[in-house]
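Asker: In this note's numbering, the protein residues as written are 50 to 934.
1. Which residues mark the beginning and the end of the beta strand (DSSP E) in which residue 99 is found?
2. For residue 476, tell me which candidate among 537, 438, 413 and 498 has the shortest Cα-Cα distance.
3. In this structure, does DSSP put residue 922 in helix, strand or coil?
4. Does the segment 413 to 425 come close enough to the segment 359 to 369 to have 3 or more Cβ pairs within less than 8 angstroms?
5. Using a threshold of 8 angstroms, state whether the C-beta atoms of residue 680 and residue 645 are closer than that.
6. Could you tell me the alpha carbon to alpha carbon distance between residue 560 and residue 518, rounded to whole angstroms?
7. Taking the alpha-carbon positions, what's the residue 283 to residue 338 distance?
8. Considering residue 367, what are the terminal residues of the alpha helix (DSSP H) in which it resides?
9. Look at the alpha carbon of residue 98 and the alpha carbon of residue 454, and state the distance between them as a whole number of angstroms.
10. Specify, as a first and last residue, the run of the alpha helix (DSSP H) that residue 635 falls within.
11. Along the alpha helix (DSSP H) that carries residue 482, what are the first and last residues, could you check?
12. Measure from the alpha carbon of residue 147 to the alpha carbon of each residue in 121, 483 and 169, then state which is nearest.
13. Based on Cα-Cα distance, which residue from 712, 180, 236 and 321 lies nearest to residue 127?
14. Taking the beta strand (DSSP E) that residue 135 falls in, what are its first and last residues?
15. Since residue 294 is in the beta strand (DSSP E), which residue starts that stretch and which ends it?
16. Name the DSSP bridge partner or partners of residue 395?
17. Along the chain, where does the beta strand (DSSP E) that runs through residue 865 open and close?
18. Just the Cα atoms here: how many angstroms apart are residue 922 and residue 397?
19. Here's the rule: buried if 16 or more other CB atoms are within 10 angstroms of the residue's CB, otherwise exposed. What is residue 868?
20. Please report the straight-line C-alpha distance between residue 85 and residue 461, rounded to a whole angstrom.
21. In whole angstroms, what separates the C-alpha of residue 925 from that of residue 446?
22. Suppose contacts are defined by Cβ-Cβ distances below 8 angstroms. Is residue 616 in contact with residue 573 by that definition?
23. Considering just the uninterrupted stretch of the alpha helix (DSSP H) at residue 588, what are its terminal residues?
24. Roughly how many whole angstroms lie between the Cα atoms of residue 385 and residue 271?
25. Mapping DSSP to helix, strand and coil, what is residue 310?
26. For residue 190, I'd like the list of residues in its chain whose CB is within less than 8 angstroms of its CB, leaving aside the five on either flank, ordered along the chain.
27. Which residues does DSSP list as the beta-bridge partners of residue 451?
28. Do residue 439 and residue 429 have their C-beta atoms within less than 8 angstroms of each other?
29. Ordered along the chain, which non-local residues of its own chain (more than five positions away) have a Cβ less than 6 angstroms from that of residue 546?
30. For residue 494, count neighbouring Cβ atoms within 10 angstroms of its own Cβ and tell me buried if that reaches 16, exposed if not.
31. By the three-class DSSP mapping on this structure, what secondary structure does residue 707 have?
32. Could you spell out the range, first to last residue, of the alpha helix (DSSP H) harbouring residue 830?
33. What separation, rounded to the nearest whole angstrom, lies between the Cα atoms of residue 346 and residue 329?
34. Look up residue 543 in the DSSP assignment and say whether it is helix, strand or coil.
35. Out of 88, 192, 151 and 229, which one is the CA nearest neighbour of residue 216?
36. Under a Cβ-count criterion, where at least 16 other Cβ atoms within 10 Å of its own Cβ denotes burial, should residue 285 be classed as buried or exposed?
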């Protein structure tokens, strides 16, 4: 009995210790048991709460968020309704929010509003940016709407269309809105597939054009081939949407914008990942959006260099990714450095970056760190809530969607104030803002005298603001002043303004003024700016006749090569464009000698340290860099594709041999197509009797079925297979650790995935690259996309249905178009086989809702083979990847 009591006491003591220990670890254990929280990597002192999963409640995939004046969250389903959430306080025992689907309009049977990508509560209204073609009462069509509660029942019964937006809605359509710092107006952002609507005012003068004499090669895979200048744009409107003013343009696809406490605007623009390895590739980048700014996006290979004076450079290049939300930490309960930070969301890699900005001249310098990351974590939108916490959502493209809250658990040492003082503006910053006052309100007395001295300022943002201010004044008031200018820097900037705004008949006088400069005595920046001015004149006013043409050739030919890659790119294309006699010989000589400088190489390695060092992201950076194409040489090869004069048999052989060898490199998905288009341009200029010789020499045989030969695996499924359903397949995926990735790769080929998709730079080019599949797609998402490929189709991979006048229709991927024809690829396993359709025979066209990916491709696999395939897909093809599911 004594022994029994002792045992009971010991057990009681141990249970008590266990209980005490578990109480101390309650929060940690809860987080570790919730996979949605366990996958998050947070800075020290921060805590995350998982609040809600819309998909588990049949409420879609959420992509937009705002808070109303009662502190409630309003969220948007990308393909559905609007929802309003009352969220429990931080640390509450029950974190489940009260969720209601908003009733919009007066018809109780119809929601009246949906497909919203951006949402903003302001001016006692809910502004909704619809991003979808209208097809029913629920979808009102692409454009900006204002919802109001006219009868006080806390629902939005009044719908006002502010403006319809034309173009191609979708992933590159109209996006987000923010309230201006003075809370008197709204700023909104749209991607490059939205036409700039008629506006009441234009900070960026409405004289934009392609402005690039590089031989035009549109994306070989058809993306954005019909989208011309100025690309994505940002506008300012009044609360009623009556007055619209263009603020900035030249973006690819920025999803969101945000103001810092100094009132400066920022965005996070996307890269064109298919351009990776090409000289015109531009990484995802943080941009300081100033008045009248231009950021140089153009279709295909026409994108401007960030060094061109008629556009502005990025504040920070980040690297590969898919930007979504940006917001400042203003109003948060975070430590001071994070309250000042710009938070930038990356959908692809599942990272929230904290961008730290420091005033630098008239703009800012910036550094970045990873604030929050997770895998998979397809980030869509976020906001600082009324409680000072950060709220963010995941989802998009019908992926699993979740709502999180993140707050700081430590003490914020700011003397009880949660308000961070605005940063002190530099003198240069104030000068830029002064110059920007001349960008609106029409011509102003004294503007030319005030702004002219700043055309030669060493600060690019001041120089740019001054030129835009000049362009807003009547040309006849400054034309002669510009043509008679003696200071080289001022002359070059004023000539750029005059080429953009003046009469084409002024070309000879403009070129004479520029040729009179001593090119060799100019600074490197003025040399580049002068070449840009020459390029603008050649593009907009045409090639001059002799003697000016000969003078240009005589002045520039001896300067190439200069040893400066940016300068040499501009020199090469000007020399070829004006048919300088020695141009081809000198450029061909550089084809194999030219080396990419370190700054350019950083373009391909500027992804965050987290991506580079963490195998969960599936990137083999060493392999990527070892096979990156030589960008400077690729640029020369493209320039030479248009050269008509100066060729010899030896030069032809050197050029076409380089082209042949260039196909060995691994660039983005359009790399082979870009090189092939340059090849074909050059072949079109050879003697017809020599065509076959140079066609074979340049690698024609390498392009048979290029990028999409049907991959046949030596290891085939053993089966028995089945007609897989998502639910039954998902039950097998609880633990994929330690799976056979070698067999998974074999199944990847056997199910034809590799024939259409690229992974780690290998495979087909018809479907999306799957290298980062595991960073944004959950296991369930991957299974749903594989088993039901028609559920969600990205705009970039959708086929088009062409309805013909004879009553028939044609389905295929639109790869290009010109004035007379559409060019489409119909066979995903032979994408180079192009069918031409005369435009006069097409009555209408629309994106297909049927994926080119065939269903049932995994039905040959048994359970073990399916698990190996899934593990391989999640790994991104990286054998060092640890599969966490």
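Where a beta carbon is used, it is the ideal one built from N, C-alpha and C, also for glycine.
Answerer: On the basis of the coordinates in this document:
1. In the chain shown, the residue the question calls residue 99 occupies position 50. From DSSP, the beta strand (DSSP E) with residue 99 extends over 95 to 101.
2. Here residue 476 refers to the residue found at position 427 when the chain shown is read from its first residue. Of the candidates 537, 438, 413 and 498, the one whose C-alpha sits nearest the C-alpha of residue 476 is 413.
3. Counted from its first residue, the chain shown places residue 922 at position 873. Of the three classes helix, strand and coil, the one that applies to residue 922 here is helix, per DSSP.
4. yes
5. Taking the chain shown and counting its residues from 1, the one referred to as residue 680 is at position 631. Taking the chain shown and counting its residues from 1, the one referred to as residue 645 is at position 596. Taking 8 angstroms as the Cβ cut-off, residue 680 and residue 645 qualify as a contacting pair.
6. Numbered from 1 along the chain shown, position 511 holds the residue referred to as residue 560. Numbered from 1 along the chain shown, position 469 holds the residue referred to as residue 518. Near 23 angstroms, if we compare the C-alpha coordinates of residue 518 and residue 560.
7. Residue numbering aside, residue 283 sits at position 234 when the chain shown is read from its first letter. Residue numbering aside, residue 338 sits at position 289 when the chain shown is read from its first letter. Residue 283 and residue 338: Cα-Cα distance of roughly 9 angstroms.
8. Translated into the one-based positions of the chain shown, residue 367 becomes position 318. Not the alpha helix (DSSP H): residue 367 falls in the beta strand (DSSP E), residues 365 to 368.
9. Translated into positions along the chain shown, residue 98 becomes position 49. Translated into positions along the chain shown, residue 454 becomes position 405. One C-alpha to the other measures close to 5 angstroms.
10. As a first step, residue 635 is located in the chain shown; it is residue number 586 there, counting from the start. First-last of the alpha helix (DSSP H) with residue 635: 632 to 637.
11. On the chain shown, residue 482 is found 433 positions in, with the first residue counted as 1. Looking at the DSSP string, the run of the alpha helix (DSSP H) that includes residue 482 is 476 to 485.
12. As a first step, residue 147 must be located in the chain shown, where it is residue number 98. Nearest of 121, 483 and 169 to residue 147, Cα basis: 121.
13. Working through the chain shown from its first residue, we reach residue 127 at position 78. Selected option, being the one with the closest Cα: 180.
14. By one-based count along the chain shown, residue 135 stands at place 86. It spans 131 to 135 - the beta strand (DSSP E) in which residue 135 sits, taken as one unbroken run.
15. In the chain shown, residue 294 corresponds to position 245, counting from 1. Per DSSP, residue 294 belongs to the beta strand (DSSP E) from 293 to 300.
16. Here residue 395 refers to the residue found at position 346 when the chain shown is read from its first residue. DSSP, once it has assigned bridges, lists 372 and 400 as partnering residue 395.
17. As a first step, residue 865 must be located in the chain shown, where it is residue number 816. First-last of the beta strand (DSSP E) with residue 865: 858 to 866.
18. Against the chain shown, residue 922 aligns to sequence position 873. Against the chain shown, residue 397 aligns to sequence position 348. Rounded to the nearest angstrom, the two C-alpha atoms are 15 angstroms apart.
19. Numbered from its first residue, the chain shown carries residue 868 at position 819. With fewer than 16 other Cβ atoms within 10 Å, it is exposed.
20. Start at 1 with the first residue of the chain shown, and residue 85 comes out as number 36. Start at 1 with the first residue of the chain shown, and residue 461 comes out as number 412. Straight-line Cα distance between these residues: approximately 27 angstroms.
21. Here residue 925 is taken as the residue at index 876 of the chain shown, counted from 1. Here residue 446 is taken as the residue at index 397 of the chain shown, counted from 1. Taking the straight line from one Cα to the other gives about 19 angstroms.
22. Residue 616 sits at position 567 when you count from the first residue of the chain shown. Residue 573 sits at position 524 when you count from the first residue of the chain shown. In this structure, residue 573 lies closer than 8 angstroms to residue 616 by Cβ.
23. Taking the first residue of the chain shown as 1, we reach residue 588 at position 539. That run of the alpha helix (DSSP H) goes 573 to 590.
24. Taking the first residue of the chain shown as 1, we reach residue 385 at position 336. Taking the first residue of the chain shown as 1, we reach residue 271 at position 222. Their backbone Cα atoms lie some 46 angstroms apart in a straight line.
25. Here residue 310 is taken as the residue at index 261 of the chain shown, counted from 1. Three-state result, residue 310: coil.
26. Counted from its first residue, the chain shown places residue 190 at position 141. Correct list, in chain order: 179, 181, 182, 183 and 213.
27. As a first step, residue 451 must be located in the chain shown, where it is residue number 402. Answer is 443.
28. Counting from 1 along the chain shown, the entry for residue 439 is found at position 390. Counting from 1 along the chain shown, the entry for residue 429 is found at position 380. In this structure, residue 429 does not lie closer than 8 angstroms to residue 439 by Cβ.
29. One-based indexing of the chain shown puts residue 546 at position 497. Excluding positions up to five away in sequence, the list reads 516, 519 and 520.
30. Mapped onto the chain shown, residue 494 falls at position 445. Label assigned to residue 494: exposed.
31. The count along the chain shown starts at 1 and reaches residue 707 at position 658. It is helical.
32. In the chain shown, residue 830 corresponds to position 781, counting from 1. Unbroken alpha helix (DSSP H) run through residue 830: 828 to 836.
33. Here residue 346 is taken as the residue at index 297 of the chain shown, counted from 1. Here residue 329 is taken as the residue at index 280 of the chain shown, counted from 1. So the alpha carbons of these two residues sit roughly 10 angstroms apart.
34. Residue numbering aside, residue 543 sits at position 494 when the chain shown is read from its first letter. Looking at residue 543 - three-state DSSP - the assignment turns out to be helix.
35. Walking along the chain shown from the start, residue 216 turns up at place 167. The option with the nearest alpha carbon to residue 216 is 192.
36. Looking up residue 285 in the chain shown gives position 236. With 16 or more Cβ atoms within 10 Å of its Cβ, residue 285 is classed as buried.
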